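In the UniProt record's numbering, the protein residues as written are 1 to 409. Glycine included, every Cβ here is placed at the ideal spot set by N, Cα and C. Quick caveat: nothing in here was measured; it's all calculated off a predicted structure.
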Ligand code: SOE
């Protein structure tokens, strides 16, 4: 590659470098909270990381023409579509990013894979195990044709959780004994909060279980490096009737209209689990933990040491080395902001931390690399299916009143 002229400046240099790379043209379906988060990922990944191809925000799709136009302008998408089938039919789209409620994940993903596109699908992968099985099967067949399909468990992409994974894999904890994980939010505490799509089983599949439980099941299995073998669960719906929503909801807020409707999902899910190695785990997912906004905490205890992570302090990882002399052993804080840490060589100097949105930048980065290298994406649709099976086992166990429920292989 020719050296840039001194007078070109950084922007001209990076613009020229970008134009020499192949582009990866992205079409995204959905433009609410997750659509905005994924937009940040696609917009930023190629500007921060040296990627093998350049993501181009080619088209964004939503049913409301003026709302999707506004989202395109706000987030920087080149064009809009109001029908996802039209988006998938376009020759100039390489990858379809699905940020819709769970009831449409399977249909859109299957159509996109059949049309030869790569796919990124928000979590949970689907609303049912059957849908997830179809998606995983189609993804496997598509992989043979050179297409990749990834599920968006973005909390794997916090530098501190990625570091934790590498420490577990390197044996720093030894044999795992316990995984303790909670994901607590409080946006449903008010019984007048309207009945948005996240509270309707036919749209969301389940409640806190699929929304938050899916994240912590994936993170626990990812960090442990092994799957759960069985679970025992309790679920509850605290507020069974809510006001109907009065218009489009954004993020985790909504306005109500007249009338009320039935909540058809769980409000909270509490379960224990056993990993295949025999390590024990506990999980709590709720949107009723008053005062907790986005509190995902996980602790792993092994025979040689322990690790603890708190999403509300996401630039830190606590580590206890159990092999040190008792007199000076104890949990210490690793500030995960060094260039040696995962993802951080491309960001700010040490001590200048990252936030929630960076997980979506890292997700886009990792998918672009996997596509260029023809590597199976991580997490794959098969991983998403496995999480779906755990969620189904939790529901089955709760229905049977907490009997230990093995997970189908
Ligand atoms: C709502 O509970 C929510 O937006 C989840 O759907 C996301 O996956 C999580 O990252 C933040 O909270």
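Counted within 10 angstroms of its Cβ, other Cβ atoms place residue i as buried (16 or more) or exposed
i           : result
residue 127 : buried
residue 181 : buried
residue 194 : buried
residue 331 : exposed
residue 401 : exposed
residue 335 : exposed
residue 5   : Residue confidence for residue 5 is low, a pLDDT of 32 falling below 50, so the modelled location carries little weight and cannot support an answer.
residue 276 : exposed
residue 38  : buried
residue 293 : exposed
residue 254 : buried
residue 270 : buried
residue 431 : Any answer about residue 431 is impossible in this case: the structure gives the chain only from 1 up to 409.
residue 120 : buried
residue 323 : exposed
residue 73  : exposed
residue 242 : buried
residue 326 : exposed
residue 122 : buried
residue 191 : exposed
residue 390 : buried
residue 9   : Bear in mind that the predicted position of residue 9 carries a pLDDT of just 38, short of 50, making it too unreliable to give a figure here.
residue 312 : exposed
residue 141 : exposed
residue 91  : exposed
residue 328 : exposed
residue 146 : exposed
Residue i in three-state terms, based on DSSP
i           : result
residue 363 : helix
residue 125 : coil
residue 37  : helix
residue 22  : coil
residue 343 : coil
residue 394 : helix
residue 306 : strand
residue 315 : coil
residue 288 : coil
residue 262 : strand
residue 283 : strand
residue 2   : Unreliable placement is indicated for residue 2, whose pLDDT of 29 sits below 50; no coordinate value is reported for it.
residue 301 : strand
residue 349 : coil
residue 242 : strand
residue 407 : coil
residue 208 : helix
Close Cβ partners of residue i (< 7 Å) along its chain, the five nearest in sequence each way excluded
i           : result
residue 63  : 82
residue 45  : 51, 55, 361, 364, 365, 368
residue 138 : 110, 113
residue 7   : Note that residue 7 scores 36 on pLDDT, short of 50, meaning its location in the model is unreliable; the coordinates nonetheless yield the value given after this. Within the same chain, residue 7 has no close Cβ partners at all.
residue 214 : 123, 124, 387, 391
residue 49  : 346, 365
Neighbourhood of residue i by C-beta distance below 6 Å, restricted to the same chain and skipping five residues each side
i           : result
residue 131 : 106
residue 212 : 183, 285
residue 43  : 76
residue 172 : 305
residue 136 : 381, 382, 385
residue 321 : 305
residue 115 : 88
residue 148 : 118, 370, 371, 377
Neighbourhood of residue i by C-beta distance below 8 Å, restricted to the same chain and skipping five residues each side
i           : result
residue 2   : Because residue 2 carries a pLDDT of 29, less than 50, the predicted location of this residue cannot be relied on, and no value is offered for it.
residue 289 : 184, 185, 186, 295
residue 403 : 232, 397
residue 406 : 229, 230, 393
residue 219 : 153, 155, 156, 161, 181, 296, 298
residue 373 : 52
residue 78  : 56, 57, 58, 59, 72
Beta bridge counterpart(s) of residue i as assigned by DSSP
i           : result
residue 47  : According to DSSP, residue 47 bridges with nothing at all.
residue 108 : DSSP lists no partner for residue 108.
residue 59  : 27, 79
residue 328 : According to DSSP, residue 328 bridges with nothing at all.
residue 278 : Note: residue 278 sits in no beta bridge, so no partner.
residue 235 : 269
residue 228 : 275
residue 191 : Per DSSP, none; premise fails for residue 191.
residue 256 : 245
heavy atom of the ligand ADP below 7 Å from residue i C-beta
i           : result
residue 127 : The model on display carries the ligand SOE but not the ligand ADP.
Proximity test, Cβ basis, 8 Å: residue i and chain B
i           : result
residue 408 : Going by chain labels, chain B is absent from the structure shown, which holds only one protein chain.
When the Cβ atoms of the region 236-248 are set against those of the region 210-228, are three or more pairs found closer than 8 Å?
-> no
With contact counted as at least three CB pairs below 8 Å, one residue from each stretch, are the region 249-267 and the region 311-324 in contact?
-> no
Does the pairing of the region 83-96 with the region 23-31 give three or more beta-carbon distances under 8 Å?
-> yes
Stretch-stretch touch, CB-based, cutoff 8 Å, three pairs: the region 167-174 with the region 300-307 = Short answer: they touch.
The region 153-161 touching the region 335-351, judged by at least three CB pairs closer than 8 Å = Segment contact: the region 153-161 against the region 335-351, three or more CB-CB distances shorter than 8 Å; contact assigned.
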